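Visitor: Chains A and B supply the protein sequences, listed in that same order. Using our numbering, read the first sequence as starting at 11 and increasing by one per residue. Using our numbering, read the second sequence as starting at 442 and increasing by one per residue. One structure, pasted below without further comment.
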Amino acid sequence: MLTVDNVSKKYGNVEILKCLTLEISPGEIMALVGPSGCGKTTLLRIIAGLENPDEGRVLIDGTEVSTKNKLVAPNKRSLSMIFQDLALWPHMTVEKNIEFVIKRDKLTRNNYRLKIDEILANVNLYGYNNRYPHELSGGERQRLAIARALASKPMYLLMDEPFSNLDTILKGELQDMVMELKDNFRIGIIYVTHNIEEVFVLADRIAIINKGIMEQIDYKEKVLNYPKNEFVRRLLKIR
Amino acid sequence: MEEASLLYHGRWKTLTRITFPLVMPHIFSGAIFVFIFSLIDFCVPDILRVRVYPIEIFIQFSAFYNERAAALFSLPLIVIAILLIVLQRWYMKDRAYIQVSLGLAKEITYNLGWFIIPACCFFFIILGLSTILPLVVLLNTAGSFSNYSMIFSTSIEQILYSFILAFIGAVLVMSLSFFVSYIIERAKTLTGTLLGFASFIPLAIPAITLGMGLIKVWNQPVVSIIYGSSFIVILGYIARFIPFSTIIGIAGLKQINPCLEEAAFLSTARWIKVIRGIVVPLSQKSLAIGFFFVFILSFGELSTTLLIIPPGRQTIPIKIYNLMHYGAHQMVAALCLILILIIFSFSGLFLLLYKKFTKNIRCSL
């Protein structure tokens with residue numbers, strides 16, 4: 011279980027997050043929805059360990075990983091993140107992008123390569139090993155980002171508007187891929203998006219944030235049927 | 442950004458309202474650095490026999506052996522230079538307009554129309570007066586081929602010595618300034634700010650004063666091994682050129698999207714692995730440019746080297762300086778032209794390697 015417990019964050023005098031609380035279990039997809047600048051990305055960064063909260067804490071499986079004075083390194087949290095602009099390493103080939111994040115353990119060179127090939131095959135990028143990210147199409151880059159995020163076998167995956175620049179067909183394909191990941195690997199996914207349709211397709215639960223405050227968090231059917239206030243109603247276009 | 446403006450306005454308005462304001466802080470910054478560099482320079486005015494303020498410092502130190510007076514004479518220059526650096530940093534605050542996420546911009550080519558004639562005339566007049574004319578005079582002074590052959594054979598040791606010192610200096614300066622610029626750019630804390638300011642202090646100190654300082658520090662019984670070795674010259678290069686390489690390092694790091702490092706930190710990557718695997722390869726361009734820049738500056742450094750060179754050693758600039766004072770103008774001209782040829786060859790080789798090895802380096806997609 012990943013728990014965000016009463017987390018607050020300020021940049022200067024601006025309060026970005028105010029006593030925010032949420033929980034997510036493995037195998038669950040939670041959509042974080044809210045207008046631009048409401049603190050969604052900041053929350054993901056705090057969960058990932060890229061920033062400290064000013065107040066509150068983050069726990070992973072009961073272990074405190076983030077407080078104001080404590081920060082467990084991002085690579086020791088069993089989580090991964092897909093950034094909004096994907097953050098693929100442009101100087102590395104597809105294979106090297108994957109190789110950088112996986113532990114070689116005691117695998118032989120051959121088995122190691124087989125493992126990379128298997129990861130790439132999972133996202134339909136088999137045979138693209140020696141291409142650079144700029145030689146891939148938009149959809150292929152997204153798939154590489156997903157492959158890289160999963161290569162370290164995380165328990166939780168944070169996705170920051172990963173499909174915002176894709177056409178509808180590609181978006182649909184990738185959404186199916188995310189659903190498969192959830193079912194096959196039982197990964198808990200926190201998914202930031204502006205796209206309400208995406209929310210209804212992917213999410214089990216929805217967390218709606220406005221100006222750093224959690225407006226409503228619940229199963230999507232409940233949110234749809236019982237929006238807590240006018241803001242939620244307007245944001246989700248519920249009549 | 443220029444293309445967005447071109448949708449609504451002409452080229453002139455785009456240049457004056459968009460391009461120029463965006464570039465202006467960097468032009469201003471460059472002007473301040475050139476001003477400081479000229480203000481504290483000693484070599485060119487000394488060779489041209491123009492009595493500028495830094496020469497007074499040198500006279501106090503080398504002719505009257507009055508270190509205290511030389512140090513006091515340096516103070517106004519240091520104060521002016523520090524004030525200018527503070528002004529530059531204040532002016533550049535939040536004005537480094539770099540688009541990280543969009544990567545390398547596509548080149549736009551403007552047709553200059555009739556404006557190309559005065560622009561080219563201006564360029565060739567400046568180039569002619571500052572470079573081509575002096576080269577022609579040097580060629581004329583150097584005389585026959587035998588002069589080149591003679592001065593080259595007697596200077597090969599100094600050329601090699603200068604080359605080795607400049608090479609080692611450039612490698613050390615770039616390695617050090619890479620870490621300094623990384624801390625300045627990525628650790629936006631008081632430490633980063635202080636380190637940033639500290640790394641710019643050598644820029645404000647006249648080269649002669651820096652040389653005097655190095656002598657005072659290292660000419661002690663315990664550390665005399667450094668004072669008596671070529672390492673003192675390399676220390677001088679580090680002190681003199683670290684501000685320039687740090688500027689280049691910071692500019693390079695600013696173009697790397699921090700997401701790329703964060704993505705690496707999220708995986709099973711250690712700090713050193715992230716630096717080695719992500720930051721250094723993506724900084725290759727700025728590291729290479731910085732290395733080249735420091736190498737060229739070190740190769741021609743005279744002001745500090747003149748004071749700290751170990752006994753029995755000579756770098757090429759010192760040899761030229763001495764020959765000038767002995768009035769061997771033909772030899773000086775020939776040696777200068779040989780040096781120019783060496784530097785051009787090195788630059789050509791560098792450009793070739795730079796293009797080859799940085800072909801696939803992009804800081805972002």
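For glycine and all other residues, C-beta sits at the position ideal for the given N, C-alpha and C. Since the model is a prediction, treat every value here as computed from it, not as a measurement.
Please list, in chain order, the residues of the region 128 to 154 of chain A that have any C-beta partner in chain B closer than 7 Å.
Guide: So the close ones are Tyr142, Pro143 and His144.
Visitor: Can you grab the Cα-Cα spacing for the pair valine 75 (chain A) / threonine 31 (chain A), in whole Å?
Guide: Roughly 15 Å between the two C-alpha positions.
Visitor: Is the Cβ of phenylalanine 798 (chain B) closer than 8 Å to any Cβ of chain A?
Guide: No, phenylalanine 798 (chain B) does not count as interfacial toward chain A.
Visitor: Should alanine 157 (chain A) be flagged as near chain B, meaning a C-beta pair shorter than 8 Å?
Guide: So, not an interface residue.
Visitor: Under 8 Å by Cβ, that's how I've got leucine 694 (chain B) and serine 622 (chain B) pegged, so tell me the actual separation to the nearest angstrom.
Guide: Contact flag correct, Cβ pair sits at about 6 Å.
Visitor: Is there contact between the region 549 to 565 of chain B and the region 508 to 522 of chain B, where contact requires at least three CB pairs shorter than 8 Å?
Guide: As far as the Cβ criterion goes, the region 549 to 565 of chain B does not touch the region 508 to 522 of chain B, which means the pair count is below three.
Visitor: Closest to methionine 40 (chain A) by CA distance: which of A:Arg244, A:Val202 and A:Arg141 is it?
Guide: Cα-wise, what sits closest to methionine 40 (chain A) is A:Val202.
Visitor: Hey, is phenylalanine 706 (chain B)'s beta-carbon within less than 8 Å of any beta-carbon in chain A?
Guide: Chain A, which has a Cβ nearer than 8 Å to the Cβ of phenylalanine 706 (chain B), makes this yes.
Visitor: Alpha carbon to alpha carbon, how far is methionine 224 (chain A) from methionine 11 (chain A)? Give it in angstroms, no decimals.
Guide: Cα-Cα distance, rounded: 19 Å.
Visitor: In this structure, what does DSSP give as the bridge partners for glutamate 33 (chain A)?
Guide: Its beta-bridge partners are A:Thr13.
Visitor: Run through chain A and tell me which residues come within less than 9 Å of glutamate 703 (chain B), C-beta to C-beta.
Guide: Chain A residues near glutamate 703 (chain B): Arg55, Ala58, Leu60, Pro84, Met91, Phe93 and Ala97.
Visitor: Check the DSSP bridge columns for asparagine 220 (chain A) and list the partner residues they point to.
Guide: Beta-bridge pairing links asparagine 220 (chain A) to A:Ile223.
Visitor: Determine whether the Cβ of glycine 633 (chain B) lies closer than 8 Å to any Cβ atom of chain A.
Guide: No, glycine 633 (chain B) does not count as interfacial toward chain A.
Visitor: If you measure beta-carbon to beta-carbon, which residues of the region 564 to 578 of chain B are closer than 7 Å to chain A?
Guide: Cβ contacts with chain A: none found.
Visitor: Which residues of chain A have a Cβ atom closer than 9 Å to the Cβ of leucine 723 (chain B), listed in chain order?
Guide: Neighbours of leucine 723 (chain B) on chain A, chain order: Trp99, Pro100 and His101.
Visitor: Here's a check: name, in chain order, each residue in its chain whose Cβ is nearer than 8 Å to the Cβ of phenylalanine 134 (chain A), leaving out the five neighbours to either side.
Guide: Reading the sequence as shown, one finds asparagine at residue 134 (chain A) and not phenylalanine. So the qualifying residues of the chain are Arg153.
Visitor: Could you please give the first and the last residue of the uninterrupted beta strand (DSSP E) stretch that includes aspartate 201 (chain A)?
Guide: It should be pointed out that residue 201 (chain A) corresponds to tyrosine in this sequence rather than to aspartate. It spans 198 to 203 - the beta strand (DSSP E) in which tyrosine 201 (chain A) sits, taken as one unbroken run.
Visitor: Using the three-state DSSP reduction, which class does glycine 544 (chain B) fall into: helix, strand or coil?
Guide: Any answer about glycine 544 (chain B) is weak, because its pLDDT of 46 lies below 50 and its placement is not dependable; what the coordinates show is given next. DSSP places glycine 544 (chain B) in coil when its eight states are reduced to three.
Visitor: Kindly list, in the order they appear in chain B, the residues whose Cβ is closer than 8 Å to that of phenylalanine 195 (chain A).
Guide: By Cβ distance, chain B contributes nothing, its closest Cβ being about 16 Å from phenylalanine 195 (chain A), past 8 Å.
Visitor: Excluding the 5 residues flanking serine 162 (chain A) on each side, which residues of the same chain have their C-beta closer than 7 Å to its C-beta?
Guide: If we look at serine 162 (chain A) and ignore the five residues flanking it on each side, its Cβ neighbours are Ser90, Val111 and Ile112.
Visitor: Proline 45 (chain A) to leucine 180 (chain A), Cα distance in whole Å?
Guide: Straight-line Cα distance between these residues: approximately 24 Å.
Visitor: Under 8 Å, Cβ to Cβ, is there at least one residue of chain A near cysteine 562 (chain B)?
Guide: By this cut-off, cysteine 562 (chain B) is not an interface position.
Visitor: Do the region 762 to 776 of chain B and the region 591 to 605 of chain B meet, that is, are 3 or more Cβ pairs less than 8 Å apart?
Guide: Result yes; three or more Cβ-Cβ pairs closer than 8 Å.
Visitor: Give, in chain order, every residue of the region 107 to 122 of chain A whose Cβ lies closer than 8 Å to some Cβ of chain B.
Guide: Listed by position along the chain: Phe110, Val111, Ile112 and Lys113.
Visitor: Between glycine 718 (chain B) and chain A, is the shortest Cβ-Cβ distance under 8 Å, so that the two count as touching?
Guide: Cβ-Cβ to chain A under 8 Å: yes for glycine 718 (chain B).
Visitor: Please list, in chain order, the residues of the region 507 to 522 of chain B that have any C-beta partner in chain A closer than 7 Å.
Guide: Going along the region 507 to 522 of chain B in chain order, one finds no residue with a Cβ nearer than 7 Å to chain A.
Visitor: Taking the DSSP output, what are the residues bridged to glutamate 65 (chain A)?
Guide: Note: glutamate 65 (chain A) sits in a beta bridge opposite A:Ser18.
Visitor: Taking a contact to mean a Cβ-Cβ separation below 8 Å, would you say alanine 607 (chain B) touches serine 739 (chain B) in this structure?
Guide: Yes, the Cβ-Cβ distance between alanine 607 (chain B) and serine 739 (chain B) is below 8 Å.
Visitor: Whole angstroms is fine: what's the gap from tyrosine 122 (chain A)'s alpha carbon to isoleucine 129 (chain A)'s?
Guide: If I take the Cα positions, the gap works out to 11 Å.
Visitor: So, is isoleucine 781 (chain B) buried or exposed, given that buried needs 16 or more other C-beta atoms within 10 angstroms?
Guide: Looking at its Cβ environment, which holds fewer than 16 other Cβ atoms inside 10 Å, isoleucine 781 (chain B) is exposed.
Visitor: With a CB to CB cut of under 6 Å and the five nearest residues on each side skipped, what residues in its chain are close to alanine 522 (chain B)?
Guide: The residues are Ile477 and Ala645.
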